[in-house]
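Below is one structure; the comments refer to it alone.
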Amino acid sequence: MKDALGAVQSVLVVGGGSDIGLATVRKLVDRRCRTVVLAGRDREGLEAAAKELRARPEAPVVDVVHFDANDVASHQRFVDEVFDAHPDLDLTLIAFGVLGQQPEAERDAGKALQIVTTNYVGAVSVMIPIANRLREQGHGTLVVLSSVAGERARRSNFVYGSSKAGLDAFSQGLADSLVGSGANVLVVRPGFVRSKMTEGLKPAPMSTTPDGVADAITAGIASGATTVWAPGALRWFMAVLRHLPRVVFRRLPI
Amino acid sequence: MSPDPPDPAADPQPSLLTGWGRTAPTAARLLHPAGDDDIAGTVARTGERGTISRGLGRSYGDAAQNAGGDVLDITGVRGIRRLDLDQGIVTAYAGTSLDELMHRLVPMGWFVPVTPGTRFVTVGGAIAADIHGKNHHYEGSFCNHVISLTLQTASGERLVVGPHDHADAFWATAGGMGLTGVVIDATFRLIPIETSYVRADTERAADLEDLMSRMEAHDDQYRYSVAWIDCLAKGKALGRSVLTRSDHATIAELPGPKQRNPLAFHPRVPFKAPPWAPRGLVNPWSIRAFNEVWFRKAPRDQRGAIHSIASFWPLDLVEGWNRLYGSTGFLQYQFVVPFGEEAAMRHAIERLSSAGAASFLAVLKRFGPSNPAPLSFPAPGWTLALDIPAGSPRLAALLDDLDDVVVEAGGRVYLAKDSRLRPELLPRMYPRLDEWREIRAKLDPDRVFQSDLARRLNL
Ligand SMILES: Cc1cc2nc3c(=O)[nH]c(=O)nc-3n(C[C@H](O)[C@H](O)[C@H](O)COP(=O)(O)OP(=O)(O)OC[C@H]3O[C@@H](n4cnc5c(N)ncnc54)[C@H](O)[C@@H]3O)c2cc1C
Ligand SMILES: NC(=O)c1ccc[n+]([C@@H]2O[C@H](COP(=O)([O-])OP(=O)(O)OC[C@H]3O[C@@H](n4cnc5c(N)ncnc54)[C@H](OP(=O)(O)O)[C@@H]3O)[C@@H](O)[C@H]2O)c1
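Going down the list, the protein sequences come from chains A and B. When you line the first sequence up against the numbering used here, it's residues 10 to 263, in that order. When you line the second sequence up against the numbering used here, it's residues 1074 to 1532, in that order.
Structure follows, in structure tokens:
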């Protein structure tokens, strides 16, 4: 159960190899979290992460479970199996996602669909059964890794951005639908995070680290926030960017 | 024949519930059994996520919550079943509040054996938390006064248990946080009173040592004793406090006009907190100002003052004062450390004061002997209780550190107030936990009774 100060006792990371996801799990384990489920495609990578977590002084119980965001037919069963094995999941982190290659994706529908299918379709498909289980258990927080890229379509990465815009809108609506159920949704909008996903890319201004995002997430859980930005100042920065005239916005080097 | 349509009353929409601190809400089916014969059926129909009793929701944390399951609102099962005015013994339904009992009993010259800092708790809640009052050093906690109680168990059985009959089940229910079954009614002893007034001695103590030595020297001469500490005072003033000790006044002690109606009991709830409060209304500055004013207005040394018994519950003057802490809520930290561990108490107060973990009125008390209940909180020693706003980011680590201090000193925190303890520490704080678990396993082998507290602390 989540305690009065926002510490959780169990977490499911969907996209368990994510740098942001694992940074968050480490902070949770530092506090009360003693049950961790890492779900993803890369069994070996997940096992290595699990081993590292189990070796921590708090010795959490770590499970590794197979999950592929693109295999939507399997999602209901995946959710049922995980929640049956762990009857009270305090926190579920939707951390999977692909950045893709924008130049290719904007000309090759197949490539664009891969991004959209994983980031949006896959997320919708797994979040609905998760939300149902949270309603049943009467509590639980669903943390969704959206992105500032979804706040306004950017010339340089609008395919990815549109997938996050869809995910963000879906998550906000899901949050509203869960009011009164005991469950809640926290939408996280990081800026540029120096993680596996952005390896080799030039950091954008106001970039942050997986650890920085993890801090924003744990603080957001404790305060009961519905949306957090990482870094926090991006909230105001994006509020301005959103209202710039289109011609100006398009020419910005971002 | 077609199946019966679903009965909306039997399957209500989930309700969001919290404790008094308004933290960590969860949703449950809130059921309102109308009378005691309704309870067995409601328990029998419980689903997989179990059920838990709820009184007036005055426990601070998640004791009377059950996410995804049922919560039985017992407050509809109320009233006095039997009253023996010669012996001073009452049998009351578990949903009866102490406030209601006092309104009935005080005018007849009887008082409840133990009262907490609020009158708005139920008899069931008083038993399940084995509550203590300002008279603990003198006559122990609530269940010390209980002669017998009726327990609805998970199997559908109704047991009448007491300190001599099914003593295991009785003591496991005392302080058992609702996890052994539903208390339907209880029979307990009352205190005879001549008046509804107390005769109080009030003195200011300059610091913690001064306070403790005053309490050690003279507490046993008073039935009620409690000190209010200014937890923001630092350095030489650390632990500066106001000590109030009292006893029920006799008619002869009342001033003339009051003698005409010595048992009048009309406590008022004159104020009501607004339905919402801005975040940060309760902040270090408002708290400091409050504590300062309150300390200065207390008499330096006053003997034999006659107060209405309602002065026992200053917080009950404001209905819904818990809302003043805003949407992030608050918690209460209450612990006890054994006599001889005064240094641990001092250390804890130092940590709280230097962290500015602000609180209106922290309360310090000396506990007397404990009773046989394995999960009962009071134990011989010093107890401190203080309210703290939940918003501060450093609070979690501070309280975790204090838990370590408390455990090292052989102390414990109070489950009725807890909302954040590390579960690992529970067996060390309550060394008889396994003994309690064995009795619970007999009474409720399938864990029909479940709560958020029980899940969080693995009770
Ligand atoms: C302002 C304030 C001051 C307080 N001061 C004190 C104090 O001085 N001393 C002290 O000891 N406590 C104090 N308390 C705590 C309070 O006395 C306890 O939490 C008490 O249990 C609350 O009773 P309730 O009826 O509100 O029960 P709830 O908070 O609704 O429930 C508390 C527990 O009792 C169980 N329970 C309730 N009814 C039944 C039943 N019929 N059968 C079985 N289990 C049941 C619940 O399952 C739960 O575990 C204070 C609380 C407040 C808000
Ligand atoms: N990094 C940033 O700048 C940034 C900014 C804003 C938002 N975000 C979002 O934050 C989340 C986490 O990103 P991150 O920075 O931690 O990157 P990351 O380390 O690359 O994590 C992404 C994870 O998603 C998994 N994944 C991808 N496709 C999957 C699929 N079909 N099925 C299951 N898992 C799949 C990857 O696992 P595999 O090993 O199986 O590929 C990887 O573990 C993502 O949603 C991302 O969009 C990131």
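C-beta: ideal position from N, C-alpha, C; glycine also.
Bounds of any alpha helix (DSSP H) do not take in B:A1446, whose DSSP letter is neither H nor E. Below 8 angstroms, enough C-beta pairs join the region 1131-1147 of chain B and the region 1190-1203 of chain B to call them touching: three or more.
One thing to note: B:R1318 has its Cβ within 7 angstroms of the Cβ of B:D1274. Contact annotation for A:K11 against chain B: A1097 [CB-CB distance below 7 angstroms, chain order].
Neighbourhood of ligand 1, defined by CB distance below 5 angstroms to any of its heavy atoms: B:W1093, B:I1125, B:S1126, B:R1127, B:G1128, B:L1129, B:G1130, B:R1131, B:S1132, B:A1136, B:A1137, B:I1147, B:A1167, B:P1189, B:G1190, B:T1191, B:V1194, B:T1195, B:G1197, B:G1198, B:A1201, B:A1202, B:I1204, B:H1205, B:M1250, B:G1251, B:V1255, B:V1256, B:L1388, B:A1489, in chain order.
Within the region 156-185 of chain A, no residue has its Cβ closer than 8 angstroms to any Cβ of chain B. The contact set of A:E145 on chain B, defined by CB atoms closer than 7 angstroms, consists of G1141 in chain order.
Nearest CB-CB separation between B:A1350 and chain A: not below the 7 angstroms threshold. According to DSSP, B:E1392 shares a beta bridge with B:K1345. Proximity of A:S204 to chain B, defined by a Cβ-Cβ separation below 7 angstroms, is not satisfied. Here A:V107 really is in contact with A:T127; their C-beta atoms are around 5 angstroms apart, less than 8 angstroms.
Closest option to B:A1137, judged by alpha-carbon separation, among B:W1358, B:S1126, B:I1147: B:S1126. Distances from the CB of A:T236 to the heavy atoms of ligand 2 are all 6 angstroms or more. Bridge pairing for B:K1490: absent [DSSP]. DSSP, read as helix, strand or coil, puts A:H84 in helix. Against chain B, the beta carbon of A:L14 has neighbours under 7 angstroms at A1463, L1468, A1469, R1493, listed in chain order. Put simply, the backbone Cα of B:H1239 is about 25 angstroms away from that of B:G1108. Here B:P1411 really is in contact with B:P1453; their C-beta atoms are around 6 angstroms apart, less than 8 angstroms. No Cβ-Cβ contact shorter than 7 angstroms links A:A234 with B:L1404. At a cut-off of 7 angstroms between C-beta atoms, B:A1458 does not count as an interface residue with respect to chain A. Counting along the chain, B:W1244 sits inside the alpha helix (DSSP H) bounded by residues 1240-1246.
Taking a beta-carbon distance threshold of 7 angstroms, B:L1390 does not count as an interface residue toward chain A.
In this structure, B:P1451 sits near B:S1214, with a CB-CB distance shorter than 7 angstroms. Across the set A:F201, A:A57, A:Y129, A:M206, the C-alpha of A:F201 shows the shortest separation from the C-alpha of A:V157. With fewer than 16 other beta carbons inside 10 angstroms of its own, B:I1324 counts as exposed. Contacts between A:D97 and chain B, judged by CB atoms closer than 7 angstroms, involve R1528 in chain order. Ligand 2 never approaches A:G109 closely enough for any of its heavy atoms to be under 6 angstroms from the residue's Cβ. Around the beta carbon of B:M1181, fewer than 16 other beta carbons lie within 10 angstroms, which makes this residue exposed. Put simply, the backbone Cα of A:E90 is about 42 angstroms away from that of B:G1483. If you draw a straight line from the Cα of B:D1320 to the Cα of B:T1268, it is about 11 angstroms long.
With a 10 Å radius around the Cβ and a threshold of 16 neighbouring Cβ atoms, A:P66 comes out exposed. Buried is the label assigned to A:Q18, since at least 16 other Cβ atoms lie within 10 Å of its Cβ. The criterion of a C-beta distance shorter than 7 angstroms is satisfied by A:A78 and A:G131. Of all residues in the region 1086-1119 of chain B, only P1087, L1089, G1094, T1096, A1097, P1098, T1099, A1100, A1101 place a beta-carbon less than 7 angstroms from a beta-carbon of chain A. Not one heavy atom of ligand 2 sits closer than 6 angstroms to the Cβ of B:R1122. Residue-level contact check: B:D1517 does not touch chain A, since none of the beta carbons of chain A fall below 7 angstroms from its beta carbon.
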